[in-house]
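See structure below.
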Amino acid sequence: MLKVIIDFDGTLTVEEEQADVLAEAILSALADEILGVSYVQVTIDFQETRARLQAAPHQYSWEVNGLVASYCDEGAFILNTTAIQTMLKENPDYLQAVQAAFPNPEYDPVIDCTNALFHRHSAVLPLAFRPAAKKVLTELINHPQRKPIILTNSLGDKVKRHLTTLGLAHQIKILGDTRQYDMDPDCPCRYPALGGGKTWRINEKHVIDLRRPAYHKALLKAAADGSQLAVVADTLSLPGAMPLAMGIPFILLRTSYTPQWCLQAVADHPFGILLDNLADLPSVLDTLTDG
Ligand SMILES: [Mg+2]
């Protein structure tokens with residue numbers, strides 16, 4: 002059996018069309034409920050910060066527990082999330098307001114704040130599946146040797162509700178809240194494919210850190226019944242680098258926001274495959290040896 006683990010946001014959905022709507026909702030809540038400043042002011046600060054990130058994307062990242070979880074330019078949602086995090090950390094008044102609103106954080110106040118706002122507002126985004134999503138999932142469901150599983154950092158109930166609207170013949174298993182961003186400096190993980198190391202140097206500007214115990218465990222669990230795995234996603238650091246480090250094929254969907262360095266890293270990797278259109282996924286899976 003080949004378990005095809007498919008990322009939700011940006012892979013099955015049109016993230017490039019949703020990112021602005023989501024950012025507006027998050028900034029509005031941030032201004033009203035947490036920062037106590039006008040939406041206009043927060044939006045100006047956000048746009049200024051985001052422009053700075055885009056001018057030197059390798060210098061800005063989503064950091065968790067002091068480690069880089071993702072570079073800011075890897076996805077449309079990630080860019081906005083990283084811009085909001087950077088804006089909150091750099092402005093002492095904003096930082097103080099966020100610390101007051103999240104006095105007992107699970108990670109740190111800024112990460113908890115952006116996670117909470119992302120979960121709440123992405124859950125109510127209007128549905129926007131990529132055109133091929135239903136056909137591809139249906140083919141996977143009907144294939145005797147393949148099993149689709151949906152992977153997401155979002156909460157599983159949002160994804161389940163959205164998938165229901167596709168009217169698929171069977172319910173698809175969801176690996177929700179997999180926390181690919183859960184970074185642990187003390188993670189004991191070692192990857193033979195990385196020469197026994199914990200990081201993957203892509204080029205002189207990008208190093209992907211694989212100290213992600215939650216995601217590592219999730220993939221090991223998925224493979225525990227002897228199934229072969231393949232992971233499909235629209236971004237590299239969060240969902241894609243771990244399978245590659247574990248020797249699992251990773252299929253990167255090329256989108257309007259995919260940066261060149263991610264495409265290159267996947268194209269150069271022996272287990273990496275580029276996908277230009279979601280509709281081609283079934284034929285790409287045919288090329289995997291015994292899948
Ligand atoms: Mg994604």
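In this text, residue positions in the sequence shown follow this note's numbering: the first is 2, and each later residue adds one.
The beta-carbon is built from N, C-alpha and C at its ideal position, and this holds for glycine as well.
Remember, predicted model here, so these are calculated numbers, not experimental data.
Taking the CA atoms as reference points, V125 sits about 42 Å from G197. In this structure, the CA atom of D8 is about 16 Å from the CA atom of G273. Here R180 has A215 as same chain residues with Cβ atoms under 6 Å from its own Cβ, once five neighbours each way along the sequence are excluded. At a cut-off of 8 Å, the beta-carbon of L282 does not count as near ligand 1: no heavy atom of the ligand is closer than that. DSSP, reduced to helix, strand and coil, places Q146 outside both helices and strands of the structure shown, so it counts as coil.
Residue nearest to L31 within the set Q261, T166 and T115 is T115 (criterion: CA-CA distance). Only residues of its own chain outside the window of five on either side were considered, and among them P132, A133, K136 and V137 have a CB closer than 8 Å to the CB of A280, listed in chain order. Between ligand 1 and G11, a heavy atom-to-CB distance of less than 8 Å is present. Proximity of the segment 200–216 to the segment 253–262 meets the contact definition, three or more beta-carbon pairs being nearer than 8 Å. Counting C-beta pairs with one atom in each stretch, the segment 76–92 and the segment 16–34 have three or more that are closer than 8 Å, which means they touch.
Where K199 is concerned, there is no enclosing alpha helix (DSSP H), because DSSP gives it neither an H nor an E. In this structure, E18 has its beta carbon at no less than 8 Å from each heavy atom of ligand 1.
By the Cβ criterion, the segment 219–228 is not in contact with the segment 156–173, since fewer than three pairs of Cβ atoms, one from each stretch, lie closer than 8 Å. Put simply, the segment 244–257 touches the segment 223–235. At least three CB pairs are less than 8 Å apart. When DSSP states are grouped into helix, strand and coil, D210 belongs to the strand group.
Within the segment 61–120, complete beta strand (DSSP E) segments of at least 3 residues are found at 62–65 and 68–72, given in chain order. Note: K174 is bridge-paired with I150 in the DSSP secondary-structure output.
At the C-beta level, A70 and D178 stay beyond 9 Å of one another. L54 carries a helical assignment under DSSP once its states are collapsed to helix, strand and coil. Going by beta carbons, I150 and K4 fall inside the 9 Å limit. Between P58 and D33, the C-beta gap is not smaller than 9 Å, which leaves the two residues out of contact. For L28, the closest alpha carbon among the candidates E16, V41 and E18 is that of V41.
Of the residues assessed, E16 falls on the buried side of the cut-off, its CB having 16 or more other CB atoms within 10 angstroms. For L89, the number of other beta carbons within 10 angstroms of its own is at least 16, and it is reported as buried. The continuous alpha helix (DSSP H) containing Q261 extends over residues Q261 to D269. If you check the C-beta of P149 against ligand 1, you find no heavy atom less than 8 Å away.
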